[in-house]
Amino acid sequence: MRSDALGALVVAMMQYLQSSGFSRGELARYAGLSAEELAEPQTRLSPSQMQRLWQLIQTRLLPSIAFSRQVRPLIARQLARGKVKVETVAAELNMSRHTLYKKLKEENLTFAGLLEDVRREQALKYLRDRNRTLSEVAELLGFSELSAFSRAFKRWMGKSPAEFRAAC
1 MRSDALGALV VAMMQYLQSS GFSRGELARY AGLSAEELAE PQTRLSPSQM
51 QRLWQLIQTR LLPSIAFSRQ VRPLIARQLA RGKVKVETVA AELNMSRHTL
101 YKKLKEENLT FAGLLEDVRR EQALKYLRDR NRTLSEVAEL LGFSELSAFS
151 RAFKRWMGKS PAEFRAAC
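Quick note: the sequence shown uses UniProt numbering, first residue 1, plus one each step.
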């Protein structure tokens, strides 16, 4: 990697970590940086110091990514059984509804948005199965009527479920 691009990467890493709540002192201690290195990290970091910063970034990113990946299958399972309730999903994760909302917010997600994503993914899967009627697909996805499902699908995909199925 060119040195100017490497310098920009280091600066971006430091900025991300500081915006995540780490002070400059904490970053210096964790990465083993001196005051001089901290003043100009883009020109003074060794590969091992960069690796320590990257590991710190991963510890901030991975738990939040893993959380929504835990929630999605729970939503899909409830969807298959009928109505999806946030309280039930939260209980399956051994947390309150408030904590569930808070953890999703850390990923810039909402429960309603995640539910819509899961519904869209399931809709695409179900529509590829030509043995299922459109009404059955709508019911499996928790829509009260075919028309509600059709409006949602058109919003998601820009075409009706019937048009999508015809194109498959």
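All C-beta atoms, glycine included, are put in the ideal place defined by N, C-alpha and C. Being a predicted model, the structure only gives us computed values, none of them experimental.
With a cut-off of 8 Å on the beta carbons, I'd call Q15 and R24 a contact; round off their distance for me.
Numbered from its first residue, the sequence shown carries residue 15 at position 15. Numbered from its first residue, the sequence shown carries residue 24 at position 24. Between R24 and Q15 the Cβ distance is about 11 Å, and since that is not below 8 Å, they are no contact.
Taking just the CA atoms, how far does K154 sit from R69?
One-based indexing of the sequence shown puts residue 69 at position 69. One-based indexing of the sequence shown puts residue 154 at position 154. Taking C-alpha positions only, R69 is separated from K154 by approximately 26 Å.
Confirm, please, whether the CB-CB distance from V86 to C74 is below 8 Å.
By 1-based counting over the sequence shown, the position of residue 74 is 74. By 1-based counting over the sequence shown, the position of residue 86 is 86. The displayed chain sequence assigns Leu, not Cys, to residue 74. Taking C-beta atoms as the reference points, L74 and V86 fail to come closer than 8 Å.
Is L140 near A80, with beta carbons less than 8 Å apart?
For the purposes of this step, residue 140 is identified with residue 140 of the sequence shown, where counting begins at 1. For the purposes of this step, residue 80 is identified with residue 80 of the sequence shown, where counting begins at 1. Taking 8 Å as the Cβ cut-off, L140 and A80 qualify as a contacting pair.
Would you call the CB atoms of A31 and L9 closer than 8 Å?
Counted from its first residue, the sequence shown places residue 31 at position 31. Counted from its first residue, the sequence shown places residue 9 at position 9. L9 is positioned such that its CB atom lies no closer than 8 Å to that of A31.
Would you mind stating whether P161 and F143 have Cβ atoms separated by less than 8 Å?
Taking the sequence shown and counting its residues from 1, the one referred to as residue 161 is at position 161. Taking the sequence shown and counting its residues from 1, the one referred to as residue 143 is at position 143. No, the Cβ-Cβ distance between P161 and F143 is not below 8 Å.
What's the gap between the Cα of Q49 and the Cα of Y101?
Residue mapping note: residue 49 aligns to position 49 of the sequence shown, counting from 1. Residue mapping note: residue 101 aligns to position 101 of the sequence shown, counting from 1. C-alpha separation (whole angstroms): 35 Å.
So what's E145 in DSSP terms, helix, strand or just coil?
By one-based count along the sequence shown, residue 145 stands at place 145. In the three-state DSSP reduction, E145 falls in the coil class, being neither helix nor strand.
Close beta carbons around Y126, own chain, < 7 Å, minus the five adjacent residues each side
Locating residue 126 in the sequence shown gives position 126, where the first residue counts as 1. Taking C-beta separations shorter than 7 Å and ignoring five residues to either side along the sequence, the partners of Y126 in its chain run R132, V137, L140, following chain order.
Simplified DSSP state of M50, which is helix, strand or coil
Start at 1 with the first residue of the sequence shown, and residue 50 comes out as number 50. M50 falls in the helix class under three-state DSSP.
Indicate whether R77 and S20 have their beta-carbon atoms separated by less than 8 Å.
By one-based count along the sequence shown, residue 77 stands at place 77. By one-based count along the sequence shown, residue 20 stands at place 20. With respect to S20, R77 sits apart: the two C-beta atoms are not nearer than 8 Å.
Taking C-beta to C-beta, are E107 and F67 nearer than 8 Å?
The residue you call residue 107 lines up with position 107 of the sequence shown. The residue you call residue 67 lines up with position 67 of the sequence shown. It is a contact, given that the beta carbons lie within the stated cut-off.
Considering only the beta carbon of each residue, do V71 and L114 sit closer than 8 Å?
In the sequence shown, residue 71 corresponds to position 71, counting from 1. In the sequence shown, residue 114 corresponds to position 114, counting from 1. Contact flag set, yes.
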